[in-house]
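Residue numbers (our numbering): 923 to 1022. In this text, a Cβ means the ideal position worked out from N, Cα and C, and glycines have one as well.
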Amino acid sequence: MLTVDNYIDSIKANLEKNSDLLVGNLKKIITYNYFSEIDLLDFTAFIEPANFGISIRMFSTDREANEVFYEGNDTTVFAGSVDVIPDVTYYQLIDNSFDD
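Encoded structure:
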């Protein structure tokens, strides 16, 4: 039988499977050579309820929350957005979850 506790436990277990990927990507992100006009880094989680997916994307922004881009020629300078974690499944529906 599907209960709230079972649902939460399943979400925790599925997200924990991707924690190493998340930590690794965050460690890489802190080493970026950020464009000097970036004021804030905005991390946004996107939920796809139809397939129980979640992704996290980082955006470089100014103080007014406008995304900042770098249009120069230095390929080592970062500005824009990047996936912190791609679309991963946070819950798997089991057919017999609704039985009883």
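Should residue i go down as buried or exposed, given a rule of 16 or more other Cβ atoms within 10 Å for buried?
{"i": "residue 976", "result": "buried"}
{"i": "residue 958", "result": "exposed"}
{"i": "residue 929", "result": "exposed"}
Give me, in chain order, the residues of the same chain whose beta-carbon lies closer than 7 Å to that of residue i; leave out the 5 immediate sequence neighbours on both sides.
{"i": "residue 955", "result": "998, 999, 1000"}
Based on the DSSP secondary-structure assignment, which residues constitute the bridge partners of residue i?
{"i": "residue 1010", "result": "976"}
{"i": "residue 983", "result": "962, 989"}
{"i": "residue 970", "result": "975"}
Residues in its own chain within less than 6 Å of residue i by CB, not counting five upstream and five downstream?
{"i": "residue 985", "result": "961"}
Pick out whichever of the options has its Cα sitting closest to the Cα of residue i.
{"i": "residue 1007", "options": "940, 925, 988, 963", "result": "940"}
{"i": "residue 990", "options": "970, 1010, 964", "result": "964"}
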